Structures are given as structure tokens and as C-alpha cells.
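So the sequence lines, in the order shown, correspond to chains Y and A.
Take this note's numbering: the final residue in the first sequence is number 971, and no numbers are missing along the way.
Take this note's numbering: the final residue in the second sequence is number 93, and no numbers are missing along the way.
To keep things clear, I will list the structure first and then write my remarks on it.
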Amino acid sequence: MSGWRPAAGGRIDRHRPIRFSFNGRDHIGFEGDTLASALIANGVDLVGRSFKYHRPRGIVAYGSDEPNALVQVGNGARSEPNLKATQVRLVPGLVARSQNCWPSVRFDLGAVNGFIAPLIPAGFYYKMFKWPAAAWPLYEKLIRNAAGMGRAPSLPDPDRYETVHRHVDLLVIGGGAAGLAAADAAPPSARVLLVDDQPDLGGLGTAADARVSGQDYVDWIRATQERLQARPDVTLLPRATAYGHYDGNLVGIVEERAGTMRQRRWMVHADRIVLATGAFERPLLFGDNDRPGVMLAGAARHYLHRHAAVPGRRCVVFTNNDSGYDAAFELHRAGVEIAGIVDARAGAGEDATRRAAAAGIPRFPAHRVLRSHGRRRVAGCTVQPIDAATRPVRLACDLLLTAGGWTPAAQLFAHAGGRLRYDEEIAAVVPDPASSPLVAVGACAGAFDLASCIAAGRAAGAGEAVPAPAVTIVVEPSPAPLPRTAKQFVDLQNDVTEADLRLAVREGYRSVEHVKRYTTLGMGTDQGKLVGLNGVAVIAAAQGVTPAAIGTSRPRPPFAPVTFGTMAGGFVGLAAAPARTTPMHGWHQAHSAFFANVGSWRRPQFYRRNGETDVAAVNREALNVRRNVGLTDVSTLGKIDLQGAHVAQLLDHAYVNGWATLKPYRCRYGVMLREDGIVLDDGTTTRLSDDRWFMTTTTGNAERVLANLERIRQIDLPDLDVTLTPVTEQWGAMAVAGPRAIDLLRALSPDFPVDTAALPFMGMAEGRLAGIEARVLRVSFSGERAYEIYTRSGEALAMWQAIVAAGGPFGLMPYGTEAMMTLRIEKGLFVPGFEADGRTTPDDLGVSRMLSTKKDFIGRRSLTRAAFTAPDRRQLVGLMPVDPTQAIPRGAQIVREVPSAPLTPIEGNVTSVTFSPNLDRWIALALVAGGRAAVGERRIAASPLTNEFVPVTICNPIFIDPEGARLRD
Amino acid sequence: MAEFSYGGADLIRPVGGPPLDPASPPGEAWDDFVYRRDNAAGAHTELWFHAAGCRRWFAVRRDTRTNVILAETEA
């Protein structure tokens, strides 16, 4: 246990101590601490176990790049897994636990994986556990239980989330030196939004005592922030992470909040975006570089300065650039003994060399760290010259800092098409300014000198050209990988070692995208922020090419994990999927209706009575329609009002049949095609007068048909005098169907004529029914004599209730969509989505006699395609089981014999199935090759998944009343 | 339901020509219209429908590589 807290310093409030619990043990931290800084200050080294090998792990980084310290925070409904301790704000009563270890992080049974490590390199699950094949489900279960991170909460989330939308002139992502300068330089009237993921502005790249324009940086921050806060159109947003950049300069941002609104998502549409996201430090590779106590040099500096948490007492710094020296000097000043600075370069900057000498810090130029030593914590390391294989030196230390150079945090730049290019001098990728509207400034553009960061920020904020940065940091590439040594981890979170990458290359994976996915390099919750270029260097070395030739894998949103709660925002519970209900919805609910969703509509499937089963309810309803009379709610049908002198021409173009001869007060059934000749929809259109028409469509196609008609009206036939208005919601509709329907309606309203002379089949009448204005269409979906009654939706419930009240003497029962389906299947009527499945032509469905030969219509030209006239086309037929007691399986395939050979030709499929209470047997509609010529022949309805093979006879799809006598009178 | 829905490439529907003969196949021009597309990496003109709004069909010229909208016109 080597972390400690000095008596003074840090930006914590020592007057406000905070008690928290980690792995069941209580500790004290302070306001201003993160969980990570408080753990370090309390001397807790061991924070977790690695994903695959269950190796002990400690804190490595400072922010969202932390790979190891994944914790589960909280209990019950608010429990949250996979949080990085570096990003958890310390609050009173915080309870946190390590993940992926059992029974404890100190003694974890999973560590046995370390002993079988040679059997489980990256990608092992592609190569092992293949025998016996039948055991794979067991293997998979064991492997999944052995791996994994935290536990998702199993209770509903009690917190609120919301999404706000903003339009701004300038969005600045990153509130460090460059970002603050950019916001400050925005034109006076500009709407500006600046986001930063830290609680305070100023960023992580500049020391508090750096000098800017004659003042300390910390004072410069304060002055700039005051100026920004004084501007009414500037919003400063700390504790917020920009997670994705999307087309049209849309940026998604998640803001952490306290209280019952847990997170707020900002969707920002920006005219200009300045990216000032800084850079991530890279670690250096050596054997056992994952031991607790190995940390990034920059992170150690932040813990010291911001939190007064020092991660060790005797430190070795391994670096390949001057910034490692800054860490050594600052820790030295704070009281840490520096055992040595191991510099991969032969010579350091003059200033650094001089200061090291003055402080008495031993330097090891042109040396590397071979490996770390220790059990659960670093106790020392072995150091050796890079070129000569002379005797290695052992240094004792409890803290090993690495400083491998800086990688611009340019992920957002690449999200929406921006390209990154390799810069040899800093050995990292930088944004290519020509490839994206985003303007990258500061460290994320590869500039590390404070003056040029601020100058670039000012230029970008003002909308001017950004000056090229001066090169101030030269990074020596990492030393070539060591052969045959202890594991060198490239990706700490997913346990991917340098040996895994070389193995992948040996196995033939070349592209960085392939190696990434095969080894899972950089695919953890840290999204490989520490990983990218180290991995690229290893892959390049293994292939004998330069890192520039390999490139980096493409970053994609989100930059950091985003919770589902944030994405859902307010669209949860009832607001998750708006439900469309009909005017009779309350009545259905009150009468034990069982509902299903048809698109976004809630429709009653059946009405359950007196403890009957679902099937019994459906059969009762379907039987009753053919024997007495049934009432069903068809308000969901699409409805369109058409007006104008040329409506008939529009309909002629949309439907396959002709409309000019339709007289007022008459309805006609129509079928619509797509341009490729496939059936799109069917419906009934009624002529109300010379220039007014009323169309219905199927529920599911209402919007599609309207779009189609508008397309015809606006593009295909723009000179027609036609107006279209969707009126689906303006009209309620219900069907009264059955042999006694006419008696019911006569009893309901003796003055409304419903006999065939006044209202023939396919006719329309208007008037008052039950005292309510109604339009009545004599059309039928059930095959019984039926009346579709349309009223204003505000009066539909009253009409429904009046019919119900009058229905008793006639045996009226309401029926739902299931009985509706049974009835239409009995009548062989096709339905889009079942028989009209996107592959069927009018002839397939048996309606080719409707095709007009006198006019063009959508899809007509496609119908002469050779494939559509082939004799073996699948045609709509009926099926009956040979054994009347057998059911026909849903979705069954039609074959000639029970399949015995591996490949059995399929001749068709069952499209709709029902038990027919009116025929007392199962029936089905199917599409069968050459079906119409095969009526009377036998086939097998095969469902191998349910092991059913039912012999069936092909028959006429109209099972009941094929002549339609019941319809017409 | 989204505010706008996509309506495919903006092409002119072939009309006219010889009288529609039920026995003759559709022909190259019709097959091009129904099935064949250029799939250019670059500017592409397509139709959109303002479904949850004014119900207007309009044409958009979009760069398929960057999704930048270059122009909007009447259909």
C-alpha cells in the first residue's frame, strides 16, 4: 500500500470530508476527489482483476482512458456497472465494488485462468472448444460466466433523463487552453456552447503555473471564464462529454447531473465546430507492464496537483520524451524519491538534463525497462541498455511511471468522415484539416506548445485560418518489442498482449481492422484510448512495415459509453411507443378485449367471456358472424378524401382496374401494384359525387398509399385537378356483418333503408343511423352480408353503443381481429403481409381478371416479364388436411413427400392458417407452384422445426359460399 | 414514424412508345427505371416525401460520400 496524501495542496476541500465504501471497507476522502484519487490517497492499490486472466490491476490513468479501475457503484435500482473510478465523483455514502472477481479482489478464484493462459490467447474461442461439437452450448455458457464485467441492475430505473436540442453558431468541444481561447474569440453576437468533461474548466494539458500573457495559467482561466460568463449567448457546460459527431454537424453530448435527473443529453446543431479535446498519453511496453503501481506519468501529475494524492513513495520514470521529466521533478518536489529516469533516447533536452542533475536524480539514457517485479504491487523493475545486452540493473521502486508520447484525442474528428494522417515527428496520427468541417486546435491537432494552442484557438473561434503549430515535442518511437519475455500488455482492459498481436499477424491477419476484431484490441469500454498507436506499432513491426502504412482503426461513436437511459430520454413507459387507439377503445377495454399491436394501433384480437380460452373466444365470435350478426371496429383502416374533376384518372393510374364508369353512391374494390408489378395494397373506393371520392386502404399501408397517391399527383400526373386529404383519424368505422345484420339495422333505424333495392351490394348510402350522421358502405370482408358504417370519430362510440344496445334480440356479439382473420381465410381473401408478401403479382393471387387493358397503371409494364408468366409460379390456393382432425402448421413449407434426402425441393409455403369453426376443421391459404392446375392433388405441409408433416389436399381458396350468394342477397 | 420518407432515385418514368402489348416483355428502358441504378460515389439526386408535414415530394441532390445536401428542388 503505497499511495498517500500530503498534508497540504490539491484542489480538494479538506473541510468537507466524505465517507465512502470500497469493497466493503470504509474510507475517507474529500469534496473534490474522484473515487480513484480517494483510493490512491487511502493507499488502495488493488482495484480490480483483468477481464480474461484475472490479473491484479491498479489505477493507470486519469480520465475516460482508464482501462483497469472498472467498478460497480450503488445498490438496487440505481446500481451502475462498468464505471471508471477515475470518472466517479466522490459523494457521501458512495458504495463501490470491484468487478470480475470472486470472492474478493485480493483473493480471486478466477486467477486460475492465469495458469491456463497459453491455452487462451486472443481469439482462442475461434480455435478451441470445437470438440465435441454438441458440447459447444456448455462451453459457451462456461466461458461467458468466466468472463464479463459488472452486473446490470434488474429493477426499473427510477431516475429521469431528458434530451434537449440546441442550435448554436459555435460549438467548442474541450475547455482547455485552446478551447477557452476559441470561445473567447467568438464574434460578439454568436451563440456559443463550450463543453468539457471535467468539473472545472482549464483542461488537463497545461500546468497551473504555466505563464500566459504575463499571468499564471490558473488566473488566465479565471479571467477568461468571467468574460465568457458575462456574455448572455455563451453557455459553459462542464461535466459533459461530447460522444459523437454526425452528418450535418450534429453533435451528441451527455451531461452528468446530480439529483433525480441523472443525465441530460444535448443534441447540438452547430454552424461551426472547434475541436479542442487535447491528447491522451501513451504507455510504454515492457514485461508485466500491468502490475498495480505502473501508471501514466501525466496521470500521476494530475493526482498530485488536483487531488493531493500521491501514488507511491519511490518512483522510476520510463520515458521517450521530455514530459516524463516534468513528472519526475514535480513528484520529487512533493517528497517522492526518484530512483531513476529511464530514457529511451540517447539524449534529453538541455533543460531537462540540467534539472535532473541539479536534483540528483539518476538518469539512464538509451535504456529501457525490461520488466516489472513484485506480487500484487510493483516492488522494482529491471532496466537494460537498448542496444547492448549488458547486465541489466535492478531498481527498487513502488511506482513506475511511463511517458510514451501524446496521441491527439481526435476520435470525434473521424466520426463523420474526417481523416487522420500519421505525423512522424510526434509518432502519432493527427487530423487532416481538409477532410472535415471540424476545426481541430491544440493538442488534438498535434500542437503541444501553449502559445500556439491559444493562438490556434483564437483563430478558430473567430472563424479565421488556423496557423500551423510549431513542433515542440519530438517523440522517439517505442523501442522494438522484446522477444520471449513476461507478458507485455497492449490493451489492458481486454487482456491483449503484444504476443497476441504477433500471433494474429502470423495467422494471416494484415489489416488493422481485422487484427482489432480478431484480438479485440481496443474494443473495451475505454475504446482503446491508451492502445491505438502502441498496437499499430506492434502490428507494423510484425509485418515489417512502418506504422504509417498500417494506419489506425476507424473511431466510431460513441467516444465513451452512453447509457440507454440517456438515449431514451423522456421516451419511456407510455411515451416509449405512442399508441393509436380508436374511439371505441375504452369500450373494448371494459369488455375484456385482449389487445395486440398492429403497427402503432391497439386493436382488440378477441373479447374473452366467462373463463373461456382464447381459441374458444375466437371460434365463438367467428361462428356467430355466420349464424347471427357480429360487430367489429375497423376505424384503423386508412381513409383518403379525394376531390376534383380528374380523380378518376388518378385512380386509373394507381389501381389496376378502371374507375371512370363508377357512378355516385357506388363502391368498387381495387388493387394497387408497385412499379415492379408486385401487389402493394387493396381497398374500396367509393364515389360520393361527380367530384368527390372516398378511398379506404389496409391499416398497415395507409401512409404508404397516401405517399404513393401524392407522388402520382405531384410527379407523374401534375396537370390533374385533384386534391388529396388523409382522413384516417377523422372517421370512426365499424362493420355489422351476418345474416341478421339487415334486421338489426332496420330495428335500429327504420327510416334508414338497408334493403338491397335501396342499398345494393357495393353501394353506399348516407343519412342518420341511430340519430347520428353516417355513411354506410355495403362491402364485406367476412363474406357475409355486411354494412361498413362510417361516422365522425367523435360520434363513433355513440354509434357503436347504439348498435350494441339494439343487438340483443339478434344475437349480436362483438368480434376482434382474430375472428376477422378466420372469416377472411374462409373466404380466400388475400391480405398484404400474408399472401401479398412482396413477391406476388395479381395473377398469382387470382385477380388477373381485374387488370384493365385500356389504360396504363403503375406496374403494368412489368407484368409481361417472362418470370411473371411462367407456369410454375406460386399461386394462391386453399389447403385442407387429409385427416380432418389434424392442424396445419403455421408457416409450413409445401413439398411433395416427407423430406428424407438432405435437399428437398420446396414448392410453396403456407401463408395463413386457421381453425374454421364454420367448417369444423383446419384450413389454410398457401402459395403453391402451379397451384391452380393442381387442385385436388395432395402435398405435404412440412414444418421440420416443430416436427410436423401434415398431408394436405389443394383446393379452391374460397372455402365457404364460393358463388358469393350470402354477400349479395 | 419519421418526418421525411425516402422515395428512391429521381428518374423519369418512361411513357409512350408502342401500344402496350400483353405479349411483349417490358424492354430496356423500363427495366432501367425499375431495377438499375448507377450507385455513384458523389452527387446523387433522389426524391423525398414530407410525410409528417406538408406532404410535398421534392428532389434533393446529395453527395453520397459525405451526406452533404448540395441542392433541393421541386420534384
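Glycine residues also receive a C-beta, built at the ideal position from the N, C-alpha and C atoms.
Owing to the predicted nature of the structure, the values given are computational and were not obtained by experimental measurement.
Other residues of its chain near H5 (chain A): CB distance less than 6 angstroms, five sequence neighbours each side excluded: Since the displayed chain A opens at 19 and closes at 93, residue 5 (chain A) lies outside it and no answer follows.
DSSP puts A838 (chain Y) in a beta bridge; with which residues? The residue labelled residue 838 (chain Y) in the question sits at position 836 within the first sequence. Bridge partners of A838 (chain Y): Y:P834.
Compare the C-beta of N57 (chain A) with all C-beta atoms of chain Y and state if any pair is closer than 8 angstroms. Your numbering for residue 57 (chain A) matches position 39 in the second sequence. Nearest CB-CB separation between N57 (chain A) and chain Y: not below the 8 angstroms threshold.
Would you check if the distance between the CB atom of G178 (chain Y) and the CB atom of L206 (chain Y) is smaller than 8 angstroms? Taking the first sequence and counting its residues from 1, one reaches residue 178 (chain Y) at position 176. Taking the first sequence and counting its residues from 1, one reaches residue 206 (chain Y) at position 204. At a Cβ-Cβ threshold of 8 angstroms, G178 (chain Y) and L206 (chain Y) count as neighbours.
Would you call the CB atoms of R373 (chain Y) and G295 (chain Y) closer than 8 angstroms? On the first sequence, residue 373 (chain Y) is found 371 positions in, with the first residue counted as 1. On the first sequence, residue 295 (chain Y) is found 293 positions in, with the first residue counted as 1. No, they are not a contact pair.
Determine whether the Cβ of D678 (chain Y) lies closer than 8 angstroms to any Cβ atom of chain A. Looking up residue 678 (chain Y) in the first sequence gives position 676. Judged by the 8 angstroms Cβ criterion, D678 (chain Y) is in contact with chain A.
Kindly list, in the order they appear in chain A, the residues whose Cβ is closer than 8 angstroms to that of V716 (chain Y). By one-based count along the first sequence, residue 716 (chain Y) stands at place 714. Just to set this straight, residue 716 (chain Y) is Gln in the shown sequence, not Val. R74, W75, A93, listed in chain order.
Give me the residue from Y:G407, Y:A579, Y:R357, Y:R264 with the minimum Cα distance to V564 (chain Y). Taking the first residue of the first sequence as position 1, residue 564 (chain Y) is located at position 562. It is Y:R264 whose Cα lies nearest to the Cα of V564 (chain Y).
Going by Cα to Cα distance, which pick from Y:P123, Y:L644, Y:D218 is closest to T688 (chain Y)? As a working note, residue 688 (chain Y) is residue 686 in the first sequence. Nearest of Y:P123, Y:L644, Y:D218 to T688 (chain Y), Cα basis: Y:L644.
Do the CB positions of G938 (chain Y) and P834 (chain Y) come within less than 8 angstroms of each other? Numbered from its first residue, the first sequence carries residue 938 (chain Y) at position 936. Numbered from its first residue, the first sequence carries residue 834 (chain Y) at position 832. No, they are not a contact pair.
Report yes if the C-beta of A462 (chain Y) is less than 7 angstroms from at least one heavy atom of the ligand FAD; otherwise report no. For the structure depicted, the ligand FAD is absent and the ligand set is empty, with no information on it obtainable.
Classification of P285 (chain Y) by the beta-carbon crowding that lies within 10 angstroms, buried from 16 upward: For this step, residue 285 (chain Y) is matched to residue 283 along the first sequence. So P285 (chain Y) counts as buried.
Sorted by chain position, which residues of the same chain lie with C-beta nearer than 7 angstroms to P32 (chain A)'s C-beta, five sequence neighbours on each side aside? Here residue 32 (chain A) is taken as the residue at index 14 of the second sequence, counted from 1. Here the set comprises A47, W48, F51.
For D50 (chain A), the first and last residue of its enclosing alpha helix (DSSP H): In the second sequence, residue 50 (chain A) corresponds to position 32, counting from 1. Here the alpha helix (DSSP H) through D50 (chain A) covers 46–52.
Is the CB of A501 (chain Y) under 8 angstroms away from at least one CB in chain A? The sequence position of residue 501 (chain Y) within the first sequence is 499, counting from 1. Not one chain A Cβ lies under 8 angstroms of A501 (chain Y).
Report, in whole angstroms, the separation of the C-beta atoms of A43 (chain Y) and Q74 (chain Y), which I expect to be a contact under 8 angstroms. Stepping through the first sequence from its first residue, residue 43 (chain Y) is reached at position 41. Stepping through the first sequence from its first residue, residue 74 (chain Y) is reached at position 72. Going by Cβ atoms, the distance from A43 (chain Y) to Q74 (chain Y) rounds to 21 angstroms, so no, they are not a contact pair.
Is the shortest distance between the beta-carbon of T84 (chain A) and the beta-carbons of chain Y less than 8 angstroms? Counted from its first residue, the second sequence places residue 84 (chain A) at position 66. Judged by the 8 angstroms Cβ criterion, T84 (chain A) is in contact with chain Y.
Just mark L227 (chain Y) as buried or exposed, buried being the case when its beta carbon has 16 or more other beta carbons within 10 Å. Counting from one through the first sequence, the residue named residue 227 (chain Y) turns up at place 225. Sequence check: residue 227 (chain Y) is Gln here, not Leu. Counting Cβ neighbours within 10 Å, Q227 (chain Y) comes out buried, since at least 16 surround it.
Close beta carbons around D654 (chain Y), own chain, < 8 angstroms, minus the five adjacent residues each side: Locating residue 654 (chain Y) in the first sequence gives position 652, counting from the first residue. For D654 (chain Y), same chain residues with a beta-carbon under 8 angstroms away, outside a window of 5 residues either side, are G660, W661, A662, S854, K857, F859 in chain order.
Taking the alpha carbon of L72 (chain Y) as the point to measure from, which residue in Y:R826, Y:S52, Y:D211 has its own alpha carbon closest? The count along the first sequence starts at 1 and reaches residue 72 (chain Y) at position 70. When each option's Cα is compared against that of L72 (chain Y), the closest is Y:S52.
Is D745 (chain Y) helix, strand or coil by DSSP? Within the first sequence, numbered from 1, the residue matching residue 745 (chain Y) stands at position 743. It is helical.
Whole angstroms is fine: what's the gap from P139 (chain Y)'s alpha carbon to G125 (chain Y)'s? The residue given as residue 139 (chain Y) occupies position 137 in the first sequence. The residue given as residue 125 (chain Y) occupies position 123 in the first sequence. Their backbone Cα atoms lie some 18 angstroms apart in a straight line.
What three-state label does DSSP hand T634 (chain Y) in the structure shown? Taking the first sequence and counting its residues from 1, one reaches residue 634 (chain Y) at position 632. Under the three-state reduction of DSSP, T634 (chain Y) is assigned to strand.
Is DSSP giving Y248 (chain Y) helix, strand or coil here? The residue labelled residue 248 (chain Y) in the question sits at position 246 within the first sequence. It is a strand residue.
Is the CB of S864 (chain Y) under 8 angstroms away from at least one CB in chain A? Within the first sequence, the letter at position 862 stands for residue 864 (chain Y). Closer than 8 angstroms to some Cβ of chain A, the Cβ of S864 (chain Y) qualifies, so yes.
Strictly below 8 angstroms CB to CB, what residues from chain Y border W48 (chain A)? The residue labelled residue 48 (chain A) in the question sits at position 30 within the second sequence. When 8 angstroms is used as the limit between beta carbons, W48 (chain A) is near these residues of chain Y: R863, S864, in chain order.
Minimum length 3: unbroken beta strand (DSSP E) runs contained in the segment 6–48 of chain Y: Counting only runs of 3 or more, we get 15–24, 27–33.
Please list, in chain order, the chain A residues whose beta carbon lies closer than 8 angstroms to that of R867 (chain Y). As a working note, residue 867 (chain Y) is residue 865 in the first sequence. Neighbours of R867 (chain Y) on chain A, chain order: P43, P44.
Minimum Cβ-Cβ distance from G419 (chain Y) to chain A less than 8 angstroms: Position 417 of the first sequence, counted from the first residue, corresponds to residue 419 (chain Y). G419 (chain Y) counts as touching chain A.
Is the beta carbon of D235 (chain Y) sitting closer than 8 angstroms to the one on V270 (chain Y)? Working through the first sequence from its first residue, we reach residue 235 (chain Y) at position 233. Working through the first sequence from its first residue, we reach residue 270 (chain Y) at position 268. Not in contact: D235 (chain Y) and V270 (chain Y) (Cβ atoms no closer than 8 angstroms).
Is the Cβ-Cβ distance between K641 (chain Y) and V729 (chain Y) less than 8 angstroms? Position 639 of the first sequence, counted from the start, is the residue given in the question as residue 641 (chain Y). Position 727 of the first sequence, counted from the start, is the residue given in the question as residue 729 (chain Y). Pairing K641 (chain Y) with V729 (chain Y) gives a Cβ-Cβ distance under 8 angstroms.
Strictly under 8 angstroms for the Cβ-Cβ distance: is V78 (chain A) near chain Y by that measure? For the purposes of this step, residue 78 (chain A) is identified with residue 60 of the second sequence, where counting begins at 1. By this cut-off, V78 (chain A) is not an interface position.
Could you give the DSSP three-state label for R504 (chain Y): helix, strand or coil? Taking the first sequence and counting its residues from 1, one reaches residue 504 (chain Y) at position 502. Three-state result, R504 (chain Y): helix.
Just to confirm the assignment, what range does the beta strand (DSSP E) spanning L121 (chain Y) have? Indexing the first sequence from 1 puts residue 121 (chain Y) at position 119. No beta strand (DSSP E) contains L121 (chain Y), which DSSP labels as neither H nor E.
Assuming contact is defined by CB atoms lying nearer than 8 angstroms, are F832 (chain Y) and L878 (chain Y) in contact in what I supplied? Here residue 832 (chain Y) refers to the residue found at position 830 when the first sequence is read from its first residue. Here residue 878 (chain Y) refers to the residue found at position 876 when the first sequence is read from its first residue. Yes; because the gap between Cβ atoms is below 8 angstroms, this pair is in contact.
When the Cα of L881 (chain Y) is compared with those of Y:R841, Y:E828, Y:A872, Y:L173, which residue comes out closest? Here the question's residue 881 (chain Y) lines up with position 879 in the first sequence. Cα-wise, what sits closest to L881 (chain Y) is Y:E828.
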